[in-house]
């Protein structure tokens, strides 16, 4: 049995979603058509946090009950799975560097706001952007993302994501992955080879 | 064999160190007297990062070669040790909350600096304090701290620390611990029971 664990980006990120449909609901409908043809041969999973995110974007009544039937919702078993210590070690080092950088970003914003007192809102906007970039870009910083990684590990499944932080961790932890941007082509191929 | 893994706080934190000596070097000398009397019955370990920190505070020539003989320097084996996923899960959640809080601290500092433009240095000082508190207090945020935890796990040893972040993780990971503030009394008792 081939197994995939799906990230939100497939249905939400416009560049990736476009291959499936022009809005999240259309993209989900198209995706579910593939899944139907692969039913019994390929399994598609989502952890609960990711599923919840996706349902914020997709009109559920338009894709029920197929979405319930064809996307398997399962949390990872966080009490049995173990993470190699060096992965956590590197995470802690990375976070520490980011925390230091975040403080420099904040200090710079304070000094700018003393000079340009009229532009405080613009300075705060820039602070938010730079702070987010320093602390959150390219890192697994949410339990939703982490659940995705753990579930793929538990199931020995392939992660489908476009998120740099998720893909970096997947590689460190020896997890198979497919870039979400190429997922449509992968599904076309699978349907051709083994679809009904 | 009884084994302890030692944090820097025993020799550096003034309140704790005072029980052993009035400066780090005197405290280390006194500590090494205990270790000498327990040699062969009790082992004392430090991971390399912690040892390096301690040697910044202790006059090495005054405690050599005893410090080399009696404190066993060993890095944890980060490639074999595994961390339960739920511990990392909680770490990621905790860090995420702290990152959000850090941004609020930064935004507040920017808004203050627009009003009190003369006090920018004081505002930056306060920002550093509050940011540090939001992002670093009570969390394992350095590889030195993490090495301490991993080494104790690997050796099934008791962690001796006064750091809240370290003690919290030690408890989550099922590691034995002794509060550094009571370590002198523990050593007194050990020497009485089994010392030479």
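Residue numbers (the working numbering), protein chains in the order written: chain A, 218 to 413; chain B, 218 to 413. Every residue gets a Cβ at the ideal spot worked out from N, C-alpha and C, and that includes glycine.
Any Cβ of chain A closer than 8 Å to the Cβ of residue 334 (chain B) would place that residue at the interface, and such an atom is present. Neighbourhood of residue 324 (chain B) in chain A, by CB distance below 7 Å: 341, 344, in chain order. Distances from the CA of residue 284 (chain B) to each of B:250, B:308, B:311, B:327 were compared; the closest alpha carbon is that of B:250. Straight-line spacing of the CA atoms in residue 362 (chain A) and residue 280 (chain B) works out to 49 Å.
Its Cα nearest to that of residue 288 (chain B), the residue B:269 stands out among B:304, B:300, B:269.
Nearest in C-alpha terms to residue 225 (chain A), of all of A:261, A:318, A:337, is A:261. Per the coordinates, the alpha-carbon of residue 360 (chain B) lies some 18 Å from the alpha-carbon of residue 301 (chain B). By the neighbour-count criterion, in which a residue is buried when 16 or more other Cβ atoms sit within 10 angstroms of its Cβ, residue 381 (chain B) is exposed. The Cβ atoms of residue 298 (chain B) and residue 371 (chain B) lie closer than 8 Å to each other. Counting only unbroken stretches of 4 or more residues, the alpha helix (DSSP H) elements lying wholly within the segment 304–387 of chain A are 337–353, 360–372, in sequence order.
DSSP places residue 272 (chain B) in the helix class (H, G or I) of the three-state scheme. When the alpha-carbon of residue 405 (chain B) is set against those of B:392, B:247, B:326, B:390, the nearest one is in B:247. At a Cβ-Cβ threshold of 8 Å, residue 229 (chain B) and residue 274 (chain B) count as neighbours.
Residue 391 (chain A) is not a Cβ neighbour of residue 352 (chain A), given a cutoff of 8 Å.
Per DSSP, the beta-bridge partners of residue 262 (chain A) are A:222, A:289.
Identification of chain A residues near residue 352 (chain B) by a Cβ-Cβ cut-off of 7 Å yields 316, ordered along the chain. Annotation: residue 326 (chain B) to residue 347 (chain A) spans about 16 Å, alpha carbon to alpha carbon. Ranked by Cα distance from residue 263 (chain A), the options A:257, A:255, A:272 are led by A:272.
From the listed residues A:314, A:411, A:369, the smallest Cα separation to residue 292 (chain A) is found for A:369.
The three-state reading of DSSP puts residue 241 (chain B) in helix, counting H, G and I together. For residue 231 (chain B), the uninterrupted alpha helix (DSSP H) run begins and ends at 231–234, by DSSP. By DSSP's assignment, residue 300 (chain B) forms a beta bridge with A:300. Nearest CB-CB separation between residue 292 (chain A) and chain B: not below the 8 Å threshold. If the five residues before and after residue 311 (chain B) are omitted, its C-beta is found closer than 8 Å to the C-beta atoms of 356, all from its own chain and listed in chain order.
Listed by position along chain B, the residues whose Cβ is nearer than 9 Å to that of residue 301 (chain A) are 295, 296, 297, 298, 299, 300.
Residue 376 (chain B) sits close to residue 222 (chain B), with the two beta carbons spaced by under 8 Å.
Residue contact check for residue 312 (chain A) against chain B: a CB pair falls below 8 Å.
In terms of beta-carbon proximity, residue 305 (chain B) lines the interface with chain A, with at least one pair separated by less than 8 Å.
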